[in-house]
Structure formats: structure tokens, C-alpha cells
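Each remark here refers to the structure printed beneath this line.
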Amino acid sequence: MGPEVADRESQADSLALEILADLANGQAPLYRVWELSLKRTDDHPGRALSLAGAAVESLVRSNLLVMLVAEEEKSAMRKIESPDECESILKAPVSWADRQQASTVWIART
8 MGPEVADRES QADSLALEIL ADLANGQAPL YRVWELSLKR TDDHPGRALS LAGAAVESLV
68 RSNLLVMLVA EEEKSAMRKI ESPDECESIL KAPVSWADRQ QASTVWIART
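Take 8 as the starting number for the sequence shown in our numbering and just add one per residue.
What follows is the structure, encoded as C-alpha cells:
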């Protein structure tokens, strides 16, 4: 593992800890992770998104975080169980959109 990979993993782990602390009082929209990540990447959106995705993926894989999707017709939240669906959500640009558009994807501590 090269130094760049190790540094990225270290940054993702650090962001993951910040996410968990941020979620201590309840759930938050997924875009909140991107906002936290932007502070760590000198406001570079592409790097911030990559870092945010890595941190969320790590927390989901470790069963420390769940992803929730709002189901409008039921006025309820559905927990994402499938790793493939989590990955698809993290790769979809609309999942990370601004506050008004991103209200359908949420994260919460387990």
C-alpha cells in the first residue's frame, strides 16, 4: 500500500469518526457527509465526494451506520439492506445533491 492510499484511508477513517459524532443526536441527510468532507479537501468537490463515499461505505460495511431512503407513498423510511443498493446510492450524483433534492437519502447510527 502506497503512502497516498494510506493517507486516503486515514482521512476516510477520521471523517467516519466525525460522522458518527455528528449523528449522536439522530439521523441526517447524506449530503451532510459531503459538507463535512469539503472542509477536509480545501473545498475540492470531486475529492470531497470520493472521501465522503469511502467514509460512508466503511461505516455501513462495519455495521455502524445505516442508510435510509424515504418512501413518499408510505411516508416512511426504508432501511437499505443490500450492499449493492448502498453502493448504487453512493455512486448516484442525486444522492449527494443539495438540501432540497437530497432529502430522500438519510444516514443514521445503528
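Built from N, CA and C at the ideal position, the CB exists for glycine as well.
The model shown is predicted, which means the values in this text are computed figures rather than measured ones.
- Beta-bridge partners assigned by DSSP to I87: none are found.
- Three or more beta-carbon pairs drawn from the region 66-75 and the region 26-44 are found closer than 8 Å, and the two stretches are therefore classed as touching.
- Residue nearest to S17 within the set A59, D49, Q34 and G33 is A59 (criterion: CA-CA distance).
- Inclusion of V76 and T111 in the CB contact set at 8 Å is warranted, their separation being smaller than that value.
- In this chain, the beta strand (DSSP E) harbouring A115 covers V112 to R116.
- In the displayed model, L72 falls within a strand according to three-state DSSP.
- In the structure shown, the three-state DSSP call for A55 is helix.
- In the three-state reduction of the DSSP assignment, A13 falls in the helix class, which pools H, G and I.
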